[in-house]
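Peer 1: Numbering (my numbering), first residue to last: 5 to 341. Here it is, the structure, as structure tokens.
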């Protein structure tokens, strides 16, 4: 008779006690979580495990073969360039959940955020703004889950670091006697496989691995810097009035040169912990100019988005040069705020 397969309650990986170098290792199969989750929870250590997006996409396609309700969780500070990607893979009923409202300034109205997403013209049953961290709107979300669910199972999908595990842990805490807790981390690929969590008699949440944003800056920096870059409290926007031949440098990740246009306003929506330097005579300064350069023609009221970092709201039209690691995705969009 074959041994029953046991999976980690933190990340969903199959547990094994044979090879310390392979994923799923635990010192004893009596344990409920793998060594990686244990060390992450207790010591804040992180071990990188890379899975291909092809594996993740196959998991999402299997979700699309069910008729179950899907919650698509996204991070308001780092909305994906292509919100429609997951929607195009999964035809199920879907609620778009805009998480991390607590890191945006309180002055930002959620009606405006919902309207912004509705104008994307991608069909969702509903768009709901929440903060898993601050327990904001979680009661309302649960009511809407009950309204739309087609069976006991509800799948939770999204990109890495969108806060899927934080939301599920909050739902467990608020509405369940279940003591299971998912592993949370600001680093990519924390959940490695599907994890089932029974909340109560009518709701079982199924957490899925996050799609890895290859272009996210979080994949290209030191893990210790990831924590600094992931805001844990409300962002205080920093506004700079720039003239041509002036520049902004955020830490040593990105340089933004203002190349052409009238005096312009640049407002940074990034973690308060990140240092920002202003260069007044940028043409004579070579800081970060060895990085990949991208030139953008900015229209009125647009955001420069840096995947994984946040965004810069630019008020007037002009031309900017952006210097950044060639692997990090940047793009322009109409202003979110």
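The beta-carbon is built from N, C-alpha and C at its ideal position, and this holds for glycine as well. Only a predicted model underlies this, so the values are computations on that prediction, with no experimental measurement involved.
1. Is residue 343 helix, strand or coil when you go by DSSP?
2. Quick one: using the 10 Å Cβ neighbour count with 16 as the cut-off for buried, is residue 228 buried or exposed?
3. I'd like to know if the segment 283-297 and the segment 326-336 are in contact, where contact means that at least 3 CB-CB pairs between them fall below 8 Å.
4. Would you tell me roughly how many angstroms separate the C-alpha atoms of residue 131 and residue 99, rounded to the nearest one?
5. When the Cα atoms are used, what is the spatial distance from residue 338 to residue 252?
6. Using a threshold of 7 Å, state whether the C-beta atoms of residue 272 and residue 242 are closer than that.
7. What ranges does the alpha helix (DSSP H) occupy inside the segment 92-148, keeping only unbroken runs of at least 4 residues that lie completely in it?
8. Return the residue from the list 214, 40, 175, 120 that minimises the CA-CA distance to residue 147.
9. Return yes when the Cβ of residue 102 is within less than 7 Å of the Cβ of residue 117, no when it is not.
10. On the DSSP bridge assignment, give the partners of residue 163 in chain order.
11. In angstroms with no decimal places, state the Cα-to-Cα distance between residue 166 and residue 269.
12. Have a look at residue 281 and residue 223 and give me their C-alpha separation to the nearest angstrom.
13. Let me know if residue 88 comes out buried or exposed under the rule of 16 or more other beta-carbons within 10 Å of its beta-carbon.
14. Have a look at residue 277 and residue 254 and give me their C-alpha separation to the nearest angstrom.
15. So residue 138 packs on residue 181, CB below 8 Å; how close in whole Å?
16. Alpha carbons only, please: which of 225, 205, 210 is nearest the one belonging to residue 332?
17. Is the beta carbon of residue 209 sitting closer than 7 Å to the one on residue 172?
18. For residue 207, does the three-state DSSP call read helix, strand or coil?
19. Measuring only the C-alpha atoms, how far is residue 219 from residue 126?
20. Among the residues of its own chain, which have a CB less than 8 Å from the CB of residue 64, if the five just before and after it don't count?
21. Assuming residue 179 contacts residue 141 (C-beta within less than 8 Å), just tell me the rounded distance between them.
22. Where residue 239 and residue 108 are concerned, what is the direct C-alpha to C-alpha distance, given to the nearest angstrom?
23. Rounded to whole angstroms, what's the CA-CA distance from residue 258 to residue 292? Just pull it up for me.
24. Assuming the contact rule is C-beta atoms closer than 8 Å, residue 307 and residue 319 should be a hit. Round their C-beta distance to whole Å, please.
25. Once DSSP output is grouped into helix, strand and coil, what is the label at residue 39?
26. Which class does residue 44 belong to by DSSP, given the choice of helix, strand or coil?
27. Could you give the distance in angstroms between the alpha-carbon of residue 57 and the alpha-carbon of residue 266?
28. Strictly by DSSP, which residues pair up with residue 336?
29. Where does residue 90 fall in DSSP's three states?
30. I'd like the span of the beta strand (DSSP E) that includes residue 328, first residue to last.
31. Using the Cβ count rule (16 or more neighbours within 10 Å means buried), how would you classify residue 9?
32. My assumption, with CB atoms under 8 Å, is that residue 36 sits in contact with residue 13. Please give the rounded CB distance.
33. Determine the DSSP secondary structure at residue 269, reduced to helix, strand or coil.
34. Roughly how many angstroms lie between the CA atoms of residue 62 and residue 28, to the nearest whole one?
35. Select from 110, 314, 34 the residue whose C-alpha is nearest the C-alpha of residue 233.
Peer 2: So, from the data block:
1. Coverage of the chain is limited to positions 5 through 341, which leaves residue 343 absent and any answer about it impossible.
2. Burial call: exposed.
3. These segments touch.
4. Residue 131 and residue 99: Cα-Cα distance of roughly 6 Å.
5. Straight-line Cα distance between these residues: approximately 21 Å.
6. Result yes, Cβ atoms of residue 272 and residue 242 sit closer than 7 Å.
7. 114-122, all fully within the segment 92-148.
8. Considering only alpha carbons, the answer is 175.
9. The criterion of a C-beta distance shorter than 7 Å is satisfied by residue 117 and residue 102.
10. Residue 163 is bridged to 215.
11. C-alpha separation (whole angstroms): 29 Å.
12. Taking the straight line from one Cα to the other gives about 23 Å.
13. Per the 10 Å Cβ criterion, exposed.
14. Spanning the alpha carbons of residue 277 and residue 254 requires a straight line of approximately 11 Å.
15. Residue 138 to residue 181, Cβ: 23 Å. No contact.
16. For the residues 225, 205, 210, the minimum Cα distance to residue 332 belongs to 225.
17. Taking 7 Å as the Cβ cut-off, residue 209 and residue 172 qualify as a contacting pair.
18. Strand, per DSSP.
19. Each residue's Cα considered, the two are about 23 Å apart.
20. Excluding its 5 nearest sequence neighbours in each direction, residue 64 has C-beta neighbours in its own chain below 8 Å: 90, 93, 94, 161, 212, 215, listed in chain order.
21. With 8 Å as the limit, residue 179 and residue 141 do not qualify as a contact, their Cβ atoms being about 14 Å apart.
22. Take the alpha-carbon of residue 239 and the one of residue 108: they are about 6 Å apart.
23. One C-alpha to the other measures close to 7 Å.
24. The distance from the Cβ of residue 307 to that of residue 319 is about 11 Å, inconsistent with a contact at the 8 Å cut-off.
25. Residue 39 falls in the helix class under three-state DSSP.
26. In the structure shown, residue 44 sits in a helix (DSSP, three-state: H, G or I).
27. Answer to the nearest angstrom: the Cα atoms are 43 Å apart.
28. Its beta-bridge partners are 308.
29. If DSSP states are grouped into helix, strand and coil, residue 90 belongs with the helices.
30. Element bounds for residue 328: 322-328.
31. That one is exposed.
32. At roughly 5 Å, the Cβ-Cβ gap stays under 8 Å, so residue 36 and residue 13 are in contact.
33. Reduced to three states, the DSSP call for residue 269 is strand.
34. Straight-line measurement puts the Cα of residue 28 at about 20 Å from the Cα of residue 62.
35. For the residues 110, 314, 34, the minimum Cα distance to residue 233 belongs to 314.
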